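Protein chains in written order, with the numbering used here: chain A, 488 to 723; chain B, 38 to 453.
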């Protein structure tokens, strides 16, 4: 070990999200924690405990009612809507329970869309980068097919490849194995472990999958919108 | 600027819904096509009518009358009305333009301008026991052929024959038919003073205007002066200008200088010209209505795409696409539908115009041409394009704006 302090990629300070309904609903409250580079963190908790709500706050898709989310040293509360979008494009990657691939496009096109949107690469270079990612996830031979021609596991791998397109420092995943069978869940889980260990990508994933949660370096367990436990995963 | 990736997504949405895209494109294409065809007819007939108006008559006419009656000496002295007289009768005077020859010379000093003194009057043409009232024009035939299209309108004989034939007269085809007069026939012409002159038909014209063809005749100026008993008098000076569009300005200048009422061709045909305005309002109202219907087609397809693609919009926004990008994607779809519809519409319009141009009509009266007068001008295609694109953009803007306001977290949460 070098003894260097690991770089903090994400930090939350007393993050609270209250839905302003007739009777206000608190989704999460007082969340404070930090995640360092290359860390694989699972977020678990019973249904309605605020796991996905927290993930959307960390992914800058939602704004906290109180508190701050700091990503790569940037206080995101200071950014406007367009700046947040640009920040997500350059620094974050999302994987959802459902693959959300665009049906009109081929697999390769789906992967290259965020790369093209960020810009800086030619059409060919963007496609080369997309192929590289697909081959890395062992679905390069499916590149010219459309999403409806792939299995659920393959689609989810495409979604991971798309999330990795702009080499984000932080991948946020919401139940990435939720729709997969055991075999495909294991494959996706292995991909996340490999990304964190070999490529130093920081991963925060919400999951109900015990195997997946155990594979993570660290587990944040939520109960009623607050952190109940933060450390190695413990089976309950 | 449009991003290439946004263009790719927009085109993918359209090509994925081919049937609805085709219907929307056809809506725009038919709108543009019918506009071009209708406009070609309307503008063509307007142009044709205007050309006839400009060419068949002088551009400016000086008349031996005044716009406002002259002020009586009484009122020049007592203008405030301290004294009032009743039964004042204006002095009778022999009408005519003073020194008309001098005025014609002065006007013709302007390069390219032709002026001719004319004496007008009403006569009765009598032949074979039938009478017709005719408006007679005493003209200089050489000048008249330069001033108007009368020579082109001659179907028998010519204007020059007025100079070579004693007591010659040129009549319209309508009068010729009514009285069954032929070239060479002698008709009796009765003047308002009761003078009867036997005049020889030396030419027959067809102006394409029933009023002129039945009710106008040309004689030499001196013959008219004899008929009307107005020796050395002309009551009009008719002027042709190098640029007919300057007629109003020049007429005003002449009237200001010589005080005689001076009318431009626009003033004489004010009723006709105002009709064109009404026709154009009707035309553009119809086209606007067609394009509004076409716009609803575009609005419908893009609204449907936006509704169906809410999840895709959310995922694009979660990736980092800005609201501006989303708006652009859907606006581009509207523009693409408008552009494709416009290009097809140009083809449809061109085809319709050519088809209309090939139809023969047997019309009598003002439009006596055998084919419809059509304006094949490029600007109609431009106006059609402006209509198509603007209506497409407006139709696409509303759903595009709505798409840009999607909150991705709400959609993703709902879809999970």
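For each residue, glycine too, the CB sits at the ideal point set by N, CA and C. Treat the numbers as computed from the prediction; the structure is a model and nothing was measured.
Rounded Cβ spacing between residue i and residue j (contact assumed at less than 8 Å)
i, j, result
"residue 261(B)", "residue 175(B)", "2 Å"
"residue 98(B)", "residue 273(B)", "6 Å"
"residue 707(A)", "residue 530(A)", "5 Å"
"residue 520(A)", "residue 714(A)", "7 Å"
"residue 92(B)", "residue 210(B)", "18 Å between Cβ atoms; not a contact."
"residue 215(B)", "residue 169(B)", "6 Å"
"residue 582(A)", "residue 663(A)", "5 Å"
Beta-carbon spacing of residue i, residue j below 8 Å
i, j, result
"residue 68(B)", "residue 331(B)", "yes"
"residue 336(B)", "residue 436(B)", "yes"
"residue 416(B)", "residue 386(B)", "no"
"residue 571(A)", "residue 544(A)", "no"
"residue 411(B)", "residue 393(B)", "yes"
"residue 651(A)", "residue 594(A)", "no"
"residue 177(B)", "residue 258(B)", "yes"
"residue 514(A)", "residue 712(A)", "yes"
"residue 480(A)", "residue 675(A)", "Limits of chain A in this structure are 488 at one end and 723 at the other, which puts residue 480(A) out of reach."
"residue 568(A)", "residue 440(B)", "no"
"residue 693(A)", "residue 542(A)", "yes"
"residue 536(A)", "residue 710(A)", "yes"
"residue 205(B)", "residue 239(B)", "yes"
"residue 328(B)", "residue 158(B)", "no"
"residue 523(A)", "residue 494(A)", "yes"
"residue 298(B)", "residue 292(B)", "yes"
"residue 413(B)", "residue 397(B)", "no"
"residue 703(A)", "residue 527(A)", "yes"
"residue 698(A)", "residue 672(A)", "yes"
"residue 195(B)", "residue 188(B)", "yes"
"residue 10(B)", "residue 339(B)", "Residue 10(B) falls outside the range modelled here, since chain B spans only 38 to 453, and no answer is possible."
"residue 183(B)", "residue 151(B)", "yes"
"residue 432(B)", "residue 379(B)", "no"
"residue 665(A)", "residue 584(A)", "yes"
"residue 580(A)", "residue 683(A)", "no"
"residue 237(B)", "residue 156(B)", "no"
"residue 255(B)", "residue 310(B)", "no"
"residue 95(B)", "residue 241(B)", "no"
Closer than 8 Å to chain E by CB, residue i
i, result
"residue 445(B)", "Among the protein chains in the structure shown, which are A and B, there is no chain E."
Cross-strand partners of residue i (DSSP beta bridge)
i, result
"residue 706(A)", "529(A) and 718(A)"
"residue 661(A)", "693(A)"
"residue 208(B)", "241(B) and 254(B)"
"residue 173(B)", "158(B) and 254(B)"
"residue 191(B)", "242(B)"
"residue 520(A)", "499(A)"
"residue 164(B)", "167(B)"
"residue 506(A)", "512(A)"
"residue 300(B)", "98(B)"
"residue 556(A)", "499(A)"
"residue 274(B)", "99(B) and 154(B)"
"residue 437(B)", "Looking at the DSSP assignment, residue 437(B) forms no beta bridge with any residue, so it has no partner."
"residue 48(B)", "Note: residue 48(B) sits in no beta bridge, so no partner."
"residue 580(A)", "658(A)"
"residue 236(B)", "224(B)"
The ligand FMN heavy atom lying under 7 Å from the CB of residue i
i, result
"residue 709(A)", "Ligands in the displayed structure: none, and consequently the ligand FMN is not present."
Inset, instruction - Taking 8 Å as the threshold, find out whether the segment 226-243 of chain B comes into contact with the segment 279-294 of chain B through three or more Cβ pairs. - result: no
Legend entry - Inter-stretch contact at 8 Å, needing at least 3 Cβ pairs: the segment 320-331 of chain B / the segment 69-84 of chain B: yes
Inset, instruction - Residues of the segment 520-541 of chain A with a CB closer than 9 Å to any CB of chain B: list them in chain order, please. - result: 539 and 540
Inset, instruction - Flag this pair as touching only if the segment 565-581 of chain A and the segment 600-607 of chain A have three or more C-beta atom pairs under 8 Å; answer yes or no. - result: yes
Inset, instruction - Note down, in chain order, all residues in the segment 557-574 of chain A with a beta-carbon under 7 Å from any beta-carbon belonging to chain B. - result: 568, 569, 572 and 573
Legend entry - Members of the segment 357-377 of chain B near chain A, C-beta cut-off 9 Å: 357, 358, 359, 360, 361 and 362
Inset, instruction - Could you name the residues of the segment 698-713 of chain A whose beta carbon sits closer than 7 Å to any beta carbon of chain B, in the order they occur along the chain? - result: none
Inset, instruction - Could you list the residues in the segment 55-76 of chain B with a C-beta less than 9 Å from some C-beta on chain A, going in chain order? - result: none
Inset, instruction - Would you check if the segment 654-666 of chain A and the segment 687-702 of chain A touch, i.e. whether three or more CB-CB distances between them fall below 8 Å? - result: yes
Inset, instruction - Answer yes if the segment 617-632 of chain A comes into contact with the segment 586-600 of chain A, meaning at least three C-beta pairs across the two stretches below 8 Å, and no otherwise. - result: yes
Inset, instruction - Quick one: which residues of the segment 584-604 of chain A get their C-beta closer than 7 Å to a C-beta of chain B? List them in chain order. - result: 584, 585, 587, 589, 591, 592, 600, 601, 603 and 604
Inset, instruction - Scan the segment 303-329 of chain B for residues whose Cβ lies nearer than 9 Å to a Cβ of chain A and list them as they occur along the chain. - result: none
Legend entry - Three or more C-beta pairs below 8 Å linking the segment 373-386 of chain B and the segment 55-65 of chain B: yes
Legend entry - Members of the segment 84-109 of chain B that neighbour chain A once the beta carbon cut-off is set at 8 Å: none
Legend entry - Residues of the segment 420-451 of chain B with Cβ closer than 7 Å to any Cβ of chain A, in chain order: 445, 446, 449 and 450
Inset, instruction - Give the residues from the segment 673-694 of chain A that approach chain B closer than 8 Å (Cβ to any Cβ), ordered along the chain. - result: none
Inset, instruction - Could you tell me whether the segment 161-174 of chain B touches the segment 213-228 of chain B, where touching means 3 or more Cβ pairs closer than 8 Å? - result: yes
Inset, instruction - Note down, in chain order, all residues in the segment 615-635 of chain A with a beta-carbon under 8 Å from any beta-carbon belonging to chain B. - result: none
Inset, instruction - Anything in the segment 378-394 of chain B with a Cβ closer than 7 Å to a Cβ of chain A? List those residues in chain order, please. - result: none
Inset, instruction - Taking a Cβ distance cut-off of 7 Å, strictly less, list which residues of the segment 341-352 of chain B are near chain A, in chain order. - result: 348, 349 and 352
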